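Chemist:
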Ligand SMILES: Cc1ncc(COP(=O)(O)O)c(C=O)c1O
Ligand SMILES: Cc1ncc(COP(=O)(O)O)c(C=O)c1O
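Protein chains in written order, with our numbering: chain A, 128 to 612; chain B, 128 to 612; chain C, 2 to 449; chain D, 2 to 449.
#1: Please report how far the alpha carbon of residue 608(B) lies from the alpha carbon of residue 115(C), in whole angstroms.
#2: Pop quiz: residue 307(D) and residue 300(D) are said to be a contact at Cβ under 8 Å. What is the actual Cβ separation, rounded to whole angstroms?
#3: Among the residues of its own chain, which have a CB less than 8 Å from the CB of residue 370(C), if the five just before and after it don't count?
#4: Need the endpoints of the alpha helix (DSSP H) that residue 316(B) sits in, please.
#5: Quick one: residues in its chain with C-beta nearer than 8 Å to the C-beta of residue 431(C), no 5 flanking neighbours on either side, listed in chain order?
#6: Which term fits residue 11(D), buried or exposed, when burial requires 16 or more other beta carbons within 10 angstroms of its beta carbon?
#7: Return yes when the C-beta of residue 397(A) is under 7 Å from any heavy atom of ligand 1, and no when it is not.
#8: Run through DSSP, which three-state label would residue 76(D) get?
#9: With a threshold of 16 other CB atoms inside 10 Å of the CB of residue 561(A), please say whether the residue is buried or exposed.
#10: Strictly by DSSP, which residues pair up with residue 147(B)?
#11: What is the C-beta distance between residue 244(D) and residue 354(D), in whole angstroms, given that I count them as a contact (C-beta under 8 Å)?
#12: Can you check whether the C-beta of residue 212(B) is within less than 8 Å of a C-beta belonging to chain C?
#13: Less than 7 Å between C-beta atoms, sequence neighbours within five positions excluded: which residues of the same chain meet that for residue 83(D)?
#14: Can you find a C-beta in chain D that's less than 8 Å from the C-beta of residue 148(B)?
#15: Along the region 151-168 of chain A, what residues have a CB closer than 7 Å to any CB found in chain C?
#16: In or out: residue 501(B) buried (at least 16 other Cβ within 10 Å) or exposed?
#17: Looking only at its own chain, which residues have a Cβ that is under 6 Å from the Cβ of residue 2(D), when we skip the five neighbours before and after it?
#18: What are the partner residues of residue 298(C), as DSSP defines its beta bridges?
#19: Strictly closer than 6 Å from CB to any heavy atom of ligand 2: give me those residues in the order they appear in the chain.
#20: Could you spell out where the alpha helix (DSSP H) holding residue 438(C) opens and where it closes?
#21: Anything in the region 54-88 of chain D with a Cβ closer than 7 Å to a Cβ of chain B? List those residues in chain order, please.
#22: Nearest-angstrom Cα distance between residue 133(B) and residue 524(A)?
#23: Could you check whether the Cβ of residue 144(A) sits closer than 8 Å to any Cβ belonging to chain C?
#24: Is there a Cβ from chain B that is less than 8 Å from the Cβ of residue 342(D)?
#25: Taking the alpha-carbon positions, what's the residue 350(C) to residue 274(D) distance?
#26: Tell me where the beta strand (DSSP E) around residue 342(D) begins and ends.
#27: Mapping the DSSP letters down to three states, classify residue 3(C) as helix, strand or coil.
#28: By a C-beta neighbour count over all protein chains shown, 10 Å radius and 16 as the cutoff for buried, is residue 295(D) buried or exposed?
#29: Please name the residue, chosen from 172(B), 601(B), 410(B), that lies closest to residue 135(C) on a Cα-to-Cα basis.
#30: Within 10 Å of its beta-carbon, does residue 29(D) have 16 or more other beta-carbons around it, so buried, or fewer, so exposed?
#31: Tell me whether the region 146-159 of chain D and the region 181-188 of chain D touch, counting them as touching only if at least three CB pairs, one residue from each stretch, are closer than 8 Å.
Laid out in C-alpha cells, this is it:
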C-alpha cells in the first residue's frame, strides 16, 4: 500500500489541541506554588499534538516502509539476520519480568537472577569458557569490556602494555574498542588465504602487545585454522587472545572457542541467539572468559548458594560496572528461550544448516560473482563486484538493484580486504526457495549488468524512495525537524 | 515492499518434513490399539508443511496487501469504519477473560457476567430501551433475533401474521432476516425526499403485517423525521417497529430510538462501538427491546441479585437460543471498554464529529458529484456517478481509481434507490487532513473522468493486483487450492 | 487514549465551510420532541489507566483460573502457538472491513482461500465457505440447507447432539413449519441405527450426525451414511471438536454431504464462549445452496492470480430475501486465526496433537475407571472426551470436587435425566499427567 | 516452534549441489583437535508449551509484584499506553537490522529523525543522536566527548550523581589517564557552588551535573552554567528522570552544552534494568564529536525527501580506532518506543503527566513528613523523588516496611555513610492516593 502515500513527519500532522492520551484526574489535593523558584518551561512548543488514530496510522505506515526479517530474506553478512521466534517475544513481555524494578531486593527477584545465571552457564558451555558476564549492552560494548578485563590483568601484573593487534579484515568496532580501552592498534595483514599470517604475527608479537583480537570464523567466513598456534604465539609473550564471537553461528555445537585457547570473547545475542535487532538495537554482548580473567569481571556478579541467588559487588579486582544494572534483561530472556527451545541437537543443527545454506549460495554464484579467496567458508561468503566492474557497475549498484527484486542486499561496508565486497550470510532459518530466489536475482542482475548497466546504476526503481543523496545529507546536515518560520 | 513480491499460497511453499511446531513428549504411558475399529485417516495429505519462519513471512506479506483503518481513511458507507483503540485489544486479551470456559460455574465467572450485564445496561441507556440481549453474533443475526421476538409475540397473541414491510433503501440483510423468520417481505418505496412515505405506509399497513423494519438514519444518511408518526401507524394495526441500528453512530447521545417509539432494534458493536471488523468479523449484534418483547429474549438472560450475577434459563416464553453460549464475549469487552473510555460527553461528541465530518465532505463535493436527494444528512451521504457517467465512467471506475490515490472507496452495492451510488461515511475518528485528501482525490478523479476516462476505467494501476475478473470467478469457480497432478 | 482527530479550530472552520454556526444545527432534521435534553446516564470517561484497572478488577472477579478444569462439551482448551496471536493481531488483519475491494484486500482474501482449502482437506469435501457464526448456527444452517436441497419438511437430529446446537436448531426451524425429530442413542452412546431406519421410513431431507458426538463417542458414519442415503436423505455431519479430524477419516470420504462445525479448537481461546468460528463444507453440487461468503480465484487484467468474493448471488446483498442465508458479517478474523493455527501445526503437528489428545484421554479414562464405583458409561470409541458413571448423583460429587478446586466434568442430568449419575470429562494436551493424577486422587478421596 | 526451513530432502539435494556427502564435510577447515566430539551439555529442546511453563515458573519466583514499591533512583515505573506496545511490536520495527539500506528502511529512519527532534525539543539543544546504551554510558560518553572537545584531563562530576553512572564513568575513564574529581553537595542537596568554583581553579574539560540529581533535587543550572563557562569548561547535564523536562526549563536554554540521560521513563518498562535508552544532545558546534549514529534528511534522485544515516565519518565502521565511540548497535527499538510514547503523550499529555508526578510527590512528601520523626533531608526543590530522614537507621525501618509488603525507598547509606538514616522515595502517576496513604499508615505503625 505504502508506495502510494507520502508519509509526513508527525510534526507536520500536528495541530493545536489534539491529543492521544487522557490522564485520570489528580486524586490528591493540589499543592500550590511548587517549583516557584525553579526556571519553568514556558511550553513544549512544537511538540506534536495528534490523536491516537493518527499515531497508529503514522507508525503503521512507517513500519510498512521497512524491509525486515519477518518480510523476507536478509543476507546481510556478519549480521546473522535469522528469524526471531515469536514465543520469545511473548515470554519476555510477561508482566512478571517487565514490571520488576532493578533495585528490588534480591529475595524478591529470584526468578530473574536464576534466568541470568542459567544463561551464563549455558553460554559458558556453548563457548567452552569458564565464566560469563551478561552486562554489556551490545557486541562493541562486549569488546570494550573484554579489553578492559585484559588490561586489568596486565595492570595487575604491573604494566598495562601498549598495543593491540587487529587483523585488517576485522569489524571496525574491534580497533575502536581497543582504542577506547587506551590501546594503540596495530593492524595485521591477511595472507593470500584470507586468514591471519602466522609469520607476520610472530614478527609483531612482543611483550608490549596486550592482546590479539581475532574474529573466528573471520569476516570472510573462513575458519582461522591456525588458531591454536596463534594462541600459543600470543600467550608465549604474555598476551591474550580475544575472540570476536559475532560469528558464533558457524560454530555453536561444532567447536568451542575455549578449546581453541581463546581467553576471552564476546557473543552477540542479537545475532547468534536470535534476539531481534530492532532496527538498530537493543543488542546484548555477553563476555565469556577463562578463569584467569574472571576476577576482573564487571560487578555485580550473580552468585548462587544453595539455590539462593544474589548479586556480588564485593569483587576488589573488578573493572567496575560498564552500564547501569545487570544487562539487557529482556534480551537475555529471549536468548535463553531460544537456546532452551533448540537444545543441544538444535544448536548444532543451527550451525550446520547455516553453513549448508551459505555454501549452497556460494556454489551457486561462483563464477558469476568474483570470489577473492577460494578458501572454504563456513556461514558466510564474500564475493566482490570485480566482474561487474567491467561494465561500470559497483557492489552498491548491485545492492540497490536487489531492492527492486524485493530482496535485501548483502553487506558492503566491510571487510576492507575485499574491494567492492558483497558479504552474504543467509543463516539457517532460510528456505531453499528463498535461497533460490536470491540466486536467481543475483544471476539476473549479473545479466543486466552486461546488457543494461544503467538499470543498475540508477536502481532502485520501485522502492518508497529511490537512491538517496548521502553526500548532500553529510555536507548539509539536517538532523531535526524545525518549524518553518 | 509488497508490490515487488508475488506471494504464493502456503501449499505452494510447503515441502515434506518441514514443521513450525513441536509438542512436548507424551507424559503418560502410550495405550496401544486405540481406535482400532474406527476408520482412520491415512494421511493429512497436501496439508501444509512449513517452518515458523515461513508462516511469519507468509502472513506478514499477506497482511501488507490489505488496506485497513490502521493504515488510512476508510469511508465505506454504512460500515462506520472508525479507528479501533488499542487499549480495547489489550483488555480483551487478558488471560482472566480469554482462558475461561463458557460452562464454568457462575460463581467462578462473576467478572464476566458483570461485564455483560453492565454493557446491557449501558446500551439500554444509550438506546432508551428497556432490555438488551448480547447474544447475536452480528448485525444480521440481531435482525433475525429481533424478528423472532416479534413473531413470538404475535404467536403468543394467536397469529404470527404474514408480512414484514421493508423500505427499498434497506440493507439486504433486512429482507433476508425477515424471510428466514418465516415472513413474506413487502417492499415500500422511498419518497422524493429519500424517506419512507407515510401515505404509502398507511396503504400497506394492516393486521397481517407483523412489523416494519426501518433504518434510522436510513441508508442515505437521512433521519426519518416522521418516525413517531410511522410508529403510531404501525402500532395502530398491532404491528411492531423494528429499527436497524447500524447507523446509531449518528444518534448516540443525541436522540434515542426508545423515544422514537421503536419497539426493538439491533446495534452493531463492530460499527458504532468500534470493535474491529477483522476483515469480515467477528461482529456482535445486541438487540434492545421495549418491555413488551422482553419475555421472549433468548436464553440465558443474565440476572443479578444482591450483587450476584447468574444465568437465567427458566424463561418459558423465550425464543430459545440463537447461538452457543452468551455472545461474542471478547467483542463485548471491547465495546464496553470503548463506551467507558468515552463517557456521556464523549459518546455525544462521537456523533457530533461523525456528522460534522460527513457534512463537511458533502459540502465539499456537492456539485462535483451528483446528489440524488438534497435532504440534509447526518453521518453519511450518498452521491452518485450521474455526472461522470456522461464520460463513460461508473461508480466502480471512480472507486478503483481511488485505490490509486491510496484511499479506500465508498460503498457502491447499496442503497439500491441510488443508481451508481457512492455512499460515504467518514466517521468521527478522521482528521481534517484525511478528509481534505479524500476531497482532493475525488475532485482530481472528476477531472480525470473528463480528460482521460480511460485512466479510470482501467484503474487501479498501482495496487498489488489490478482489476480482477469477477465474472470469471463466478462462472468458473475455483474455490480451493488443489495439488496439480 | 483519545481518538478524535478534529481540533476545536478545525471544528469552527469546518462548520463555517458548511455554513453553520454550531454543532447543534447539524441535527435539525431530528424533531425536537425526540432529541435528548440531558447527558446520557453513563459512567466515565475513564482514562486509559483507569480502564485497565477496571478490567483487571473484573478479571480478578473471575476465579475460574484457580480451578483445575476438565470441562469441554463444545469448547476446548487447547494450546495456542505464540505466532497465532502475534500475526493475527496485526492491524492489517484486524482493522479492514469485509474484502469488498479485492485489489486492496488480497491478504484477507488469500487467507480465506487457504482457510477454505484447509477445511476441504479436513472434511474431505469439495468446497467450503468463508465461515459462519459458530458450530451451533452452523448446524442450523446445515439442516436448512439440506431442506433447500431436498424440500422435505422432516429433519432428523440425534439425541446425542450438543444441547446448545439442538436449541439453536429448534429456534431457527420453529418459524419455518419444519418437523425436527430426535433419534435416540444406543448403549454404545452412538445413534441408534434401528431407530434411524425406522424414522427414515417417512421421507426426510437430512440426517444430522455429530461425531465425535456430545458423549465424546465417535459415530459409525459409514453405516449411518448408507442408511441415510438409501432413504434418499442427505447426511450432514456436525463436529464440535474438529481436532479429531487429525486422526479420523474425513467425513466426506465416509459419505457426508455436508460437514459443519465449530472451529474454536483451531487457535481460538475459550473466551467464555465467543467469538468462535462456524465452518461449513459440502459437495460441489450444492454450491448454490451453501450459505455465507465464498472466496474464489481469478485473474486480473494482466493475467496475475488474485482472489475475490464470489458466487454472491446466493447472498442477501444481491438477492435480498431470496438469499441462502441472512449472514453478512461472519467470523473472518477467527477464520484467519484458524488458518494460521492449522498452517503452523501443519501435517505432522496436527496429527501429533490429535494423537496426544487421544492418548492422554485414554490414560485419564483408565486411571479414573480404576477407582471403584467409577465406570465408563458408553462402549463406543472416544477421542478426547468420555462419559463416566459414578455411584451417586454427579451434582454431589461435582460439588465435593469443586471444594478441592477441581471442575471434574459437565453434568448431563438436566438434559438427560437417565444420566444424572454421569459426567462428560474432557482431556486435552494441556492436561499434564500430573493434573490428571490430581483429579484421580481427588476423586478417590471424594468417593472414599 | 521450529524455525529451520530446510527439509531433509533439501539437505541432500543441496549437499549434492555443493559436491559433498555429509554435513560433517562442511566443517573440514576446523581442525579435528578442536572439534567437539560430544553433544553440548544443555537442557532442552523444550516445546513451545514447555518454554511458556518454564518462564511462567521463573516469573512466579519473582515476588516483587506483591509489594507496594516506592523505588526509583534511575528507573521509574510509569504508565505505558497500549498503543506503544502494539505499534512497536510490529515485525517491521522489531526485525530489521540497522538501516544501512535507506531506500527500504525509511520507517526506522524517519522514526529516529523524529526521535532526534523530540530530544532536541526536550533538551533545548540543536542536535541529538540516534541513541546510546543507557543513561550511565551516556554520562560516560558525555564526559569523554567534552574531553575530546576541550582536551583537559580533568573532569568534574557531582557527588550527588546516580551511583551507577559514577561507577560507569570511572570504569570508562580509568584506562585513559583522566582525572575524575567529585564535587560535594550542600544542604539543599545541590552541587556545592563554592566547591565547584574552587575545583575549577584548575582547568577542566567539563562539569557534569545531574538534574534532578540523585537526591531528586533540581539543580540551579543557570548559576552552575555561569560558573562553569567562566572557567572555560563545558557544562554537561545528565538526567535520569527526563519526565521532569515536561515542566522544567530545557537545560540547553540554561547553558548546557551537552545533555545526556536515561530515556527509560519514556515508554520502556522497568524490566529489571534493561534494555534502556541512552540519549544525547549537544550544540551544533560539537556535532563532529558526538558519539553514536545520526540520521539526517536528504532527497532521492527524484527530489523526494528521505532519511539516511549520516556523518558516519565519526563512526567506527569508517574511522575504526579514530571513531568518536565504539558504539555500533545502539538502542534503536527503545528509541522507537520512546518516540511513539512521546508523540502519544504530546504537548499536553507530557506536561500534564509531569505535573501529576510533581503533585503526587508533593502530597506524599507532606503526608510522610507529617509523621513525627520523619523529615525532609534536603531543602532544594524536587520533582517526583525526595530524600527523607528517619529517626533511626533506614535499613531497620526498611526491613519493617518490607514485612508489611512495602518497599519504602532506596537506601543511601552504603554510598553516603552520612545518609544512613535516609532513603530516596519515588512517586509516579501509578501511585494512587490510596497507595501513598498505605505507605504513610504503615510507616506510622513501624515508627510507633
Ligand atoms: C564481526 C562483528 N564484530 C562486532 C560487531 C559489533 O556488534 P554490535 O553491533 O552489537 O555492537 C559486529 C556487528 O556489527 C560484527 O559483525
Ligand atoms: C444498515 C445495515 N444493516 C445491517 C447490517 C448487517 O450487519 P452485519 O454485517 O453485522 O450482519 C449492515 C452491515 O453490513 C448494515 O450496514
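We put the CB at the ideal spot given by N, CA and C, even for glycine. Keep in mind that this is a model prediction, so the values were computed, not measured.
Modeler: On the basis of the coordinates in this document:
#1: 7 Å
#2: 7 Å
#3: 376, 377, 389
#4: Counting along the chain, residue 316(B) falls outside any alpha helix (DSSP H), and DSSP gives it neither H nor E.
#5: 78, 79, 80
#6: buried
#7: yes
#8: coil
#9: buried
#10: Residue 147(B) pairs with nothing; no bridge assigned.
#11: 7 Å
#12: yes
#13: none
#14: yes
#15: 151
#16: exposed
#17: 49
#18: 308(C)
#19: 205(B), 265(B), 266(B), 267(B), 298(B), 300(B), 342(B), 346(B), 371(B), 373(B), 395(B), 410(B), 412(B), 329(C), 330(C)
#20: 434-448
#21: 83, 84, 87
#22: 24 Å
#23: yes
#24: no
#25: 38 Å
#26: Unbroken run through residue 342(D) is the alpha helix (DSSP H), 333-370; no beta strand (DSSP E).
#27: coil
#28: buried
#29: 410(B)
#30: exposed
#31: yes
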